[in-house]
Amino acid sequence: MTTTGTDSGRLRLGTRGSRLALTQSGQVAEALMAAGAPGEGSGGLSIDLVTVRTDGDGDRTPLRQLGGVGVFAARLRHALLDGEVDLVVHSFKDLPTQPVEGLEVICVPSREDPRDALCARDGLTLATLPDGARVGTGSPRRAAQLLAARPDLEVVDLRGNVPTRLARVRGLEAVGVGTDEPVAPARADAAGDLDAVVLALSGLRRLGLEHCASEVLDLETMLPAPAQGALAVEARTGEDSAELARAVAVLDDEPTRLAVTAERALMARLGAGCAAPVGAWAHLRGGDREPRVLVLRAVVTSLDGRQEVGCELSTELPEATEGPEAAGDAAEAVRAAEALGARAAEVLLEDGADQIVDLHANKPRRD
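Under full-length UniProt numbering, the sequence shown has 271 at position 271, and the numbering climbs by one with no breaks.
Spelled out as structure tokens, the structure:
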């Protein structure tokens, strides 16, 4: 039997070693302690961060060649299954849609802003970048949507942590100096060789680097990756982890859980991984005295940006309740979100999404 950290009042929280991952995990740990998550003793639960090096860390190979989704999650999951840690915090967009036996997402904290941000030299925006500007991104989705908006751009593939990517932009070479992460690009001559990079706004905010964004890209221009800006807290299943699940449930945010459920159901039905140029964003409307409606927008873009297939669908959710029926109503809402995502995928496929791009290319390797 694997013993959970709650048995001793101490919780081992596994995380990647990047500054962003440590920041995200640290924020979850602080929120749990601030919320008074229960543990043995009058002091409640103590949390220790355990750094787990993953296969994707330090590898400069383009993500689409590494296998994309699952590269950063696999080692964390192995550590969890082996009992090295009690739970792990993932960037939800990096988590494969295929379930893993023995593991479950027990908490989805409130989502950060899911939009993408342009970090450009001289405060330039997407509209004011010069013709032929060099813009860096490691995401085929961002590259495709950039080219859809600005076909003249030269999109450059890049890897590395957030400070390293920012250091590729002329004028931002010194970003991150003083941190414990390497900031220099992979090539010594690469610093300042780009006019801009595109990064997730959520990551910039969590690192205190939002000031590097010259423009937050609106959702009409760039639809984010499914689950972008959201975190997933994953733990082992079974009776031994029941107390842990109850403890971290205080951070669970239903609107975020429903939104990412729909977005990930879309990806699962498409059979696509993070290397596929698929954008999706779901959000709740209504509530209180109005019906709750979950709205999902999705788009598939050809790699050259010349063709797009998109849709917007919605579904009414059961009213949120309290008391004995609350769990059943919450489960029904999750099922409705899953059905919405699957239905949106069917619409995209019927409209030819799989004809403009190979959705099955570079699928995640089986971890």
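Don't be surprised by glycine CBs; every beta carbon is placed ideally from N, CA and C.
**Item:** Own chain, CB closer than 8 Å to residue 432, minus 5 neighbours either side, in chain order
**Value:** Look at the range of the chain in this structure, 1 to 367, and you will see that residue 432 is not part of it.
**Q.** Minimum C-alpha distance to residue 279 - residue among 223, 159, 269, 155
**A.** Ranked by how close their Cα comes to the Cα of residue 279, the residues 223, 159, 269, 155 have 223 in first place.
For this session: Would you check if there are 3 or more beta carbon pairs closer than 8 Å linking the segment 147 to 164 to the segment 6 to 25?
Result: Taking a cut-off of 8 Å on C-beta distances, the segment 147 to 164 touches the segment 6 to 25, as three or more cross pairs fall below it.
Legend entry - Collapsed DSSP secondary structure at residue 114 in the structure displayed: It is coil, neither helix nor strand.
Just checking my contact of residue 400 with residue 116 at CB under 8 Å: how many whole Å lie between their CB atoms? For the chain, the structure presents residues 1 to 367; residue 400 sits outside this window and is missing.
message: Out of 349, 348, 347, 316, which one is the CA nearest neighbour of residue 334?
response: Comparing Cα-Cα distances from residue 334 to each of 349, 348, 347, 316, the minimum goes to 316.
Quiz item: Per the contact definition of three or more C-beta pairs closer than 8 Å, is the segment 190 to 197 in contact with the segment 166 to 173?
Solution: yes
TODO: Please classify residue 339: is it buried, with 16 or more other beta-carbons within 10 angstroms of its beta-carbon, or exposed?
DONE: exposed
**Study point:** Euclidean distance between Cα positions of residue 354 and residue 303
**Key:** Spanning the two alpha carbons is a distance of roughly 12 Å.
Is the segment 139 to 153 touching the segment 304 to 312 in the sense that three or more CB pairs, one from each, lie closer than 8 Å?
yes
Q. Just to confirm, are residue 11 and residue 47 a CB contact at a threshold of 9 Å?
A. yes
Own chain partners of residue 53 with C-beta closer than 8 Å, once the 5 adjacent residues on each side are dropped: 16, 17, 75
- Task: Excluding the 5 residues preceding and the 5 following residue 97 in the sequence, name in chain order all residues of the same chain whose CB lies nearer than 6 Å to its CB.
- Result: 264, 267, 268
TODO: Look at residue 158 and residue 119 and say whether their C-beta atoms are less than 9 Å apart.
DONE: no
Around the C-beta of residue 94, are 16 or more other C-beta atoms found within 10 angstroms, so that it is buried, or is it exposed?
buried
Checklist entry - In terms of residue numbering, what span does the beta strand (DSSP E) encompassing residue 313 cover? => result 308 to 317
- Message: Assuming contact is defined by CB atoms lying nearer than 9 Å, are residue 235 and residue 87 in contact in what I supplied?
- Response: yes
For residue 90, the three-state DSSP class (helix, strand or coil)
strand
*Is it the case that the Cβ atoms of residue 228 and residue 200 are separated by a distance below 9 Å?*
yes
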